[in-house]
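So the sequence shown is numbered by the working numbering: it starts at 1 and just counts up by one.
Ideal Cβ positions, reconstructed from N, Cα and C, are used throughout, including at glycine.
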Amino acid sequence: MKPIGVVVSGSSPVVVPIHVYKGCENYVKEDAFVVIKDDVKSMDYFGVIRSPRMYDPLLSHYQRSSIIDNPELAKQGREVVFEATIIRVLGVLIPEGQLTPPRQPPTPRSEVYLVESPSDVNLKLETGLELGKHKFSGITVPIKPEALKYHIGVVGATGTGKSKLVVALVKEVLAKTNWRVIVFDHSGQDYAVLEEFKDKVVDSSKVTQDLESIFQYLKKETSISEAGEDVLYFTLTLYVLYNGDLRSLQKSQSRGLYEYSGAPGKETKIELDKDNVKDAILKLPELIETIDLEEKIKETQWRTAMLVELFKAVAENISPQMKKEKPALLLSLQKRFIESLNERKMSGKDILERLERDRLVIVDLSSVRQEERRYLVASVLRRIWNFIDERKQPVNTLVVIDEAHNYACQQGCSPSMELIERTAREGRKWGLGLVLASQRIIDFSPDVRNNINTFFFSKLQTPSDLDNLKGVLDLGGIEYEDIAILATREFYFAGLGNPLKYPVLIEVKQV
Ligand SMILES: Nc1ncnc2c1ncn2[C@@H]1O[C@H](COP(=O)(O)OP(=O)(O)O)[C@@H](O)[C@H]1O
Ligand SMILES: [Mg+2]
1 MKPIGVVVSG
11 SSPVVVPIHV
21 YKGCENYVKE
31 DAFVVIKDDV
41 KSMDYFGVIR
51 SPRMYDPLLS
61 HYQRSSIIDN
71 PELAKQGREV
81 VFEATIIRVL
91 GVLIPEGQLT
101 PPRQPPTPRS
111 EVYLVESPSD
121 VNLKLETGLE
131 LGKHKFSGIT
141 VPIKPEALKY
151 HIGVVGATGT
161 GKSKLVVALV
171 KEVLAKTNWR
181 VIVFDHSGQD
191 YAVLEEFKDK
201 VVDSSKVTQD
211 LESIFQYLKK
221 ETSISEAGED
231 VLYFTLTLYV
241 LYNGDLRSLQ
251 KSQSRGLYEY
261 SGAPGKETKI
271 ELDKDNVKDA
281 ILKLPELIET
291 IDLEEKIKET
301 QWRTAMLVEL
311 FKAVAENISP
321 QMKKEKPALL
331 LSLQKRFIES
341 LNERKMSGKD
351 ILERLERDRL
361 VIVDLSSVRQ
371 EERRYLVASV
381 LRRIWNFIDE
391 RKQPVNTLVV
401 IDEAHNYACQ
411 QGCSPSMELI
421 ERTAREGRKW
431 GLGLVLASQR
441 IIDFSPDVRN
451 NINTFFFSKL
461 QTPSDLDNLK
471 GVLDLGGIEY
481 EDIAILATRE
491 FYFAGLGNPL
501 KYPVLIEVKQ
511 V
């Protein structure tokens, strides 16, 4: 190993000041690994360079120097310039290759060596998931698999490589653990497009919506009155319970309900029997207990004219005063949306069955509206939690949410936020881990960010983003200036999953 300097006065077990040898300045880089060989104590300290500084004893920042009058003097006396830096000790190397906590300060005048390749030190970190190597030494710093259930955050400005890092993580999890992975691909650009994942992709426009989201959408689009809201909710629930087959609610003499062709102008008059509808409404509470509405939605035949007829009949029953012609008309104008539901034949249950079988499912969210994406994330997570609540057994599943500020924020992220919060708080008990990637951690609700135990962070948008990170993580003195210079694929790796227990700079492998 290349000697680069020597320990000077004032070392502590963890923070060690050194002077850099003349000519070695170019080797001293922030975040590089070093070994301090202490011959007096017969100990090898393993550490990382922090805050290198150059000094000139003759040019104090605050004292007038003669150079300002004679610039040519700057060229003289350069030999007195020197560099000093701090070594943050990560541990004492023992012969077996592990690191033990440093308890004694290295002796001044001990020599410091630069670690330039993994073979320079006998360092045997625990095995785990390999996302990349330490930037300067090439040493692999794996993430401990146990950390998956304590949740992982990936933060950095756009283009820093968050999504690619997560792709690397997903591949490692699949290759080296028995965990399953469900990825919510916000943009559809990060996973869904990769050749190797192609057959694992679910198009979210083919996934059934739950009743609540269908209701919310129609409610908004028809600007329905408060009284109308209840009518709409009952209508949708009934419609789904009957799978859209309303024959049993029909007036006995009216035929032709199912001769309805759907062609404009050809729609057969549908007449529902008021009393039949009333009975159906009364039976609703009892039925709803026993029926899996989401599976029902999958089988439901959506016909706008029929839904509108049911709406009118329900209105007559539960809200006779209501003016129903206008909302009914507005509802019929939603034909395109309503009948698009016929294309959706995959339920949350189907997604989880695929997850069980294939170990990886990628839900491409890009084909549906933003609010719907949140409903979808929520309904899949809710299914997983239902399973856990019933079986009380670990699921060993990693839930990956990219652009997570759209799903885990405090305001406006309902209903996915509530489910993500529950996962953040309780997931560890059941092997349900989160990977949340986002530009800004402040956009996560406090319950979410306080429960993430491992972080990868890169260049951030603003200094306050780093302060937010400091609030939940020991950054060991890493400052905004340090991360401002990071390039694509360069991340600090910090927290529970890091075997070195101190943030280290890694370069994520190419994916
Ligand atoms: N690990 C990597 N392997 C290969 N290319 C990468 C990697 N990380 C980043 N890149 C490059 O940088 C671009 C931005 O990365 P991406 O992961 O999409 O960033 P982010 O999600 O942070 O916006 C990618 O399109 C790719 O070209
Ligand atoms: Mg991205």
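Closest Cα partner of residue i within the set the options
i	options	result
glycine 91	Lys124, Arg64, Glu116 and Thr462	Lys124
isoleucine 338	Trp302, Lys162, Val154 and Glu356	Trp302
valine 511	Pro95, Leu131 and Val80	Leu131
valine 277	Ser332, Glu316 and Thr304	Glu316
valine 435	Gly23, Lys429, Val231 and His405	His405
proline 95	Glu83, Phe136 and Val121	Val121
serine 110	Glu30, Asp38 and Thr160	Asp38
glutamine 439	Leu333, Thr462 and Glu83	Thr462
lysine 144	Leu473, Tyr150 and Leu129	Leu129
alanine 408	Phe184, Ser65, Ser137 and Cys24	Phe184
leucine 238	Leu287, Ser11 and Asp31	Leu287
glutamate 353	Val202, Val173 and Arg78	Val202
glutamine 189	Lys162, Lys176 and Thr140	Lys162
isoleucine 139	Val115, Tyr150 and Leu148	Val115
lysine 22	Arg78, Val34 and Met417	Arg78
glutamate 196	Glu295, Pro57, Asn243 and Leu174	Leu174
aspartate 279	Glu295, Thr290, Val314 and Ser11	Val314
isoleucine 401	Val377, Val395, Cys413 and Ser414	Val377
serine 11	Ala32, Val89, Ile4 and Asp210	Val89
leucine 432	His19, Phe387, Pro446 and Pro499	Phe387
isoleucine 452	Cys413, Glu229 and Ala147	Ala147
serine 137	Lys220, Ala168, Val35 and Asn468	Val35
lysine 206	Arg369, Glu271, Gly47 and Glu126	Arg369
isoleucine 297	Leu246, Arg383, Asp210 and Leu282	Asp210
C-beta atoms of residue i and residue j nearer than 9 Å
i	j	result
isoleucine 318	leucine 381	no
threonine 100	isoleucine 49	no
valine 504	histidine 134	yes
valine 170	valine 361	no
valine 16	valine 28	no
aspartate 465	isoleucine 485	no
leucine 460	glycine 156	yes
serine 367	serine 213	no
glutamate 294	serine 379	yes
serine 507	glutamate 490	At residue 507 the sequence reads glutamate, which differs from the serine that was named. Closer than 9 Å, so yes.
isoleucine 104	lysine 198	It should be pointed out that residue 104 corresponds to glutamine in this sequence rather than to isoleucine. No; because the gap between Cβ atoms is not below 9 Å, this pair is not in contact.
asparagine 222	leucine 341	Residue identity check: residue 222 is threonine in the sequence provided, not asparagine. No, the pair does not count as a contact, with Cβ atoms beyond the cut-off.
phenylalanine 82	tyrosine 62	no
glutamine 321	alanine 227	yes
threonine 177	glycine 244	no
valine 141	phenylalanine 493	yes
serine 347	valine 308	no
glutamate 371	tyrosine 217	yes
For residue j and residue i, believed in contact at Cβ under 8 Å, the rounded distance
i	j	result
proline 106	tyrosine 45	5 Å
methionine 43	tyrosine 113	Not quite, the Cβ-Cβ distance comes to about 14 Å (not below 8 Å), so this is no contact.
isoleucine 152	threonine 454	5 Å
lysine 335	lysine 324	Going by Cβ atoms, the distance from lysine 335 to lysine 324 rounds to 18 Å, so no, they are not a contact pair.
phenylalanine 215	leucine 249	At roughly 20 Å, the Cβ-Cβ gap does not stay under 8 Å, so phenylalanine 215 and leucine 249 are not in contact.
glutamate 30	proline 3	In fact, because the Cβ distance is near 19 Å, the residues do not count as touching under 8 Å.
isoleucine 483	proline 327	Isoleucine 483 to proline 327, Cβ: 54 Å. No contact.
With 16 other Cβ atoms within 10 Å as the buried cut-off, status of residue i
i	result
valine 80	exposed
valine 240	buried
leucine 310	buried
arginine 374	buried
lysine 526	Outside the shown range of the chain (1 to 511) lies residue 526, about which nothing can therefore be said.
glycine 471	exposed
arginine 344	buried
proline 71	exposed
aspartate 443	buried
serine 458	buried
aspartate 389	exposed
lysine 149	buried
lysine 75	exposed
isoleucine 291	exposed
serine 261	Low local confidence applies: a pLDDT of 47 at serine 261 is under 50, so the model's placement there is unreliable, with the coordinate-based value given in what follows. Label assigned to serine 261: exposed.
leucine 329	exposed
proline 57	exposed
glutamate 356	exposed
proline 264	Because proline 264 carries a pLDDT of 49, less than 50, the predicted location of this residue cannot be relied on, and no value is offered for it.
leucine 73	exposed
My parser needs the beta strand (DSSP E) runs of 3 or more residues fully inside the stretch 401 to 458; what are they? 432 to 438 and 454 to 457
Let me know the beta strand (DSSP E) ranges lying completely inside the stretch 183 to 223, each 3 residues or longer, listed in chain order. 201 to 203
Identify every run of the alpha helix (DSSP H) within the stretch 297 to 337, keeping only runs that are complete inside it and at least 4 residues long; order them along the chain. 304 to 318 and 325 to 332
Would you mind listing the beta strand (DSSP E) stretches within the stretch 55 to 127 that are 3+ residues and don't spill past its ends, in chain order? 82 to 93 and 111 to 114
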